[in-house]
């Protein structure tokens, strides 16, 4: 089984044909815990959405090395992007992760519900299964969204700003949970954040998008240096 | 009730009311959640313009109204995803364009305005058996589709990006949703009129959403409210000699007011 799950070759990404990241080359390996950071508007979410197939690359390619075909992603969007008017329980939100594995026009089975409950248990949220999702705290909602991504039995978890808007304790709890999943379940995790401290503390590898549209990928020790960060954020 | 049922025209009214409730009440949950409440009103104007156009050119009005209604909803679904404008802007422009076009076409039509409005805005009191069969087929299809494609409609409305990453054809399911919505609205307007159609497309879903935190229960409550409002509206209008469509609308609005108050009282501080 190849160590690489996904490889980007000469990848240029952007919106409305305007490139924000140019000619990127890098790989995501099985068991990776990769933090993607960069200044606001540098293209972090654009890169994530291109990986997910929600945006087409402007040029270059993304190869799904492990499958040769379509890689299954567990996507955790920014929780504010979800509509709070929908009357859904934590279990119903988690169950959505199974929808890609159930045939069209078929309802979720008892097994799908079991998997969803097990996913909630992995994020320590099983006791909240019947609670309305919209009534949960920010940290609890984030755990439910991670459960939903786990329920998809995906090969890579992709998280967009998983600790955005959280207090210090909630942020730490979410990042500890991701570390636990990576360590104990060998999950491959890619998360986008603007918080240097989160990357510094938890990520194993770092991808830094510079304000000039470059992507620097490597170990933390190699990249989390004052010189590199000054270049990325254009500060002295 | 038995006496009521034995009179064919009263029986037809009762069946029409229940069929409209079965077709539109479940749809109303997504109409509210997708924030497309005024699409029904805008599409009614498009249907009106289509009827005026058909009368002007002396062709069958209902098929043209049906076609334009479905196309308008489909166009709304496509454009809402791609434009930088908020979706209600498009709805507003369609409403204005449809209204203006129908007035301009009606003044040039060989038949009078009252005649055209009668063709378009059906009246539940005059619904005929042939129309009832058409309603049964269309609303039955819409109802079954809401049930069997529940998970596809849910993820397409709630988290389309997640749906796409899971391999679900979100664009196709949105088109199917808006297509069935257009079909249901066109048939309902023709059978029971614009006001009752619009109210049935909003009130049951809005009321149910005030009362429960479970999606499946929301659909069941919306359906029950739609049917109860139709049945009680027909019976009350017969008993007290009131206009049937307006009585049903008043009951639906009453249900909403009660549900809204209950929802506000129950809401955690």
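Residue numbers (my numbering), protein chains in the order written: chain A, -9 to 226; chain B, 51 to 319.
All residues carry an ideal CB built from backbone N, CA and C; glycine is no exception.
Closer than 8 Å to chain B by CB, residue i
i	result
residue 5 of chain A	no
residue 54 of chain A	no
residue 42 of chain A	yes
residue 47 of chain A	no
residue 157 of chain A	no
residue 106 of chain A	no
residue 79 of chain A	yes
residue 206 of chain A	no
residue 118 of chain A	no
Cβ-Cβ distance between residue i and residue j below 8 Å
i	j	result
residue 163 of chain A	residue 62 of chain A	no
residue 1 of chain A	residue 10 of chain A	no
residue 303 of chain B	residue 82 of chain B	no
residue 275 of chain B	residue 257 of chain B	yes
residue 189 of chain A	residue 222 of chain A	no
residue 120 of chain B	residue 185 of chain B	no
residue 66 of chain B	residue 192 of chain B	no
residue 72 of chain A	residue 113 of chain A	no
residue 124 of chain B	residue 225 of chain B	yes
residue 225 of chain A	residue 26 of chain A	no
residue 105 of chain B	residue 159 of chain B	yes
residue 214 of chain B	residue 44 of chain A	yes
residue 259 of chain B	residue 312 of chain B	no
residue -2 of chain A	residue 50 of chain A	yes
Cβ of residue i within 8 Å of any chain A Cβ
i	result
residue 259 of chain B	yes
residue 294 of chain B	no
residue 199 of chain B	yes
residue 83 of chain B	yes
residue 263 of chain B	yes
residue 132 of chain B	no
residue 268 of chain B	yes
Under 9 Å by beta carbon: chain A residues contacting residue i
i	result
residue 202 of chain B	89, 94, 95
Contact belief for residue i with residue j at Cβ below 8 Å, rounded distance in angstroms
i	j	result
residue 279 of chain B	residue 298 of chain B	6 Å
residue 109 of chain A	residue 147 of chain A	Incorrect: roughly 12 Å between the Cβ atoms, too far for contact.
residue 123 of chain A	residue 94 of chain A	About 25 Å separates the two Cβ atoms, so there is no contact after all.
residue 165 of chain A	residue 153 of chain A	7 Å
residue 77 of chain A	residue 95 of chain B	That pair is no contact at about 31 Å.
residue 80 of chain B	residue 200 of chain B	The pair is not a contact, with the Cβ atoms about 11 Å apart (cut-off 8 Å).
Interface residues of chain B facing residue i [CB-CB closer than 9 Å]
i	result
residue 86 of chain A	201, 204, 205, 208, 209, 212, 213, 216
residue 82 of chain A	204, 264, 265, 266
residue 152 of chain A	Per Cβ cutoff of 9 Å: no residues; residue 152 of chain A is ~15 Å from chain B at best.
Interface flag, residue i vs chain D, CB-CB below 8 Å
i	result
residue 98 of chain A	In the displayed structure, chain D is absent; the protein chains listed are A and B.
Within chain A, the residues that residue i reaches when beta carbons sit closer than 8 Å
i	result
residue 230 of chain B	Ordered by position in chain A, no residue passes the 8 Å Cβ test against residue 230 of chain B, which lies about 14 Å from the chain.
Listed by chain order, chain B residues near residue i by CB distance under 7 Å
i	result
residue 184 of chain A	Chain B residues near residue 184 of chain A: none, gap ~20 Å exceeds 7 Å.
residue 122 of chain A	263
residue 142 of chain A	216
Counting only runs that start and end within the stretch 70 to 107 of chain B, where is the alpha helix (DSSP H) found for 4 or more residues in a row?
Counting whole runs of 4 or more residues, the stretch 70 to 107 of chain B contains the alpha helix (DSSP H) stretches 89 to 106.
If you scan the stretch 33 to 113 of chain A from start to end, which runs of the beta strand (DSSP E) of 3 or more residues do you find wholly inside it?
Entirely contained in the stretch 33 to 113 of chain A, the beta strand (DSSP E) runs reaching 3 residues are, in chain order, 49 to 54, 63 to 66.
Output the residue ranges of the beta strand (DSSP E) runs that lie fully inside the stretch 266 to 290 of chain B and measure 3 residues or longer, sorted by chain position.
The qualifying runs do not exist here; there are none.
What runs of the alpha helix (DSSP H), each 4 residues or longer, lie entirely inside the stretch 114 to 192 of chain B?
Runs of the alpha helix (DSSP H) inside the stretch 114 to 192 of chain B: 137 to 158, 163 to 170.
In chain order, which continuous runs of the alpha helix (DSSP H) of length 4 or greater are located wholly inside the stretch 200 to 258 of chain B?
Scanning the stretch 200 to 258 of chain B for uninterrupted alpha helix (DSSP H) segments of 4 residues or longer gives 200 to 208, 210 to 215, 220 to 242, 244 to 250, listed from N- to C-terminal end.
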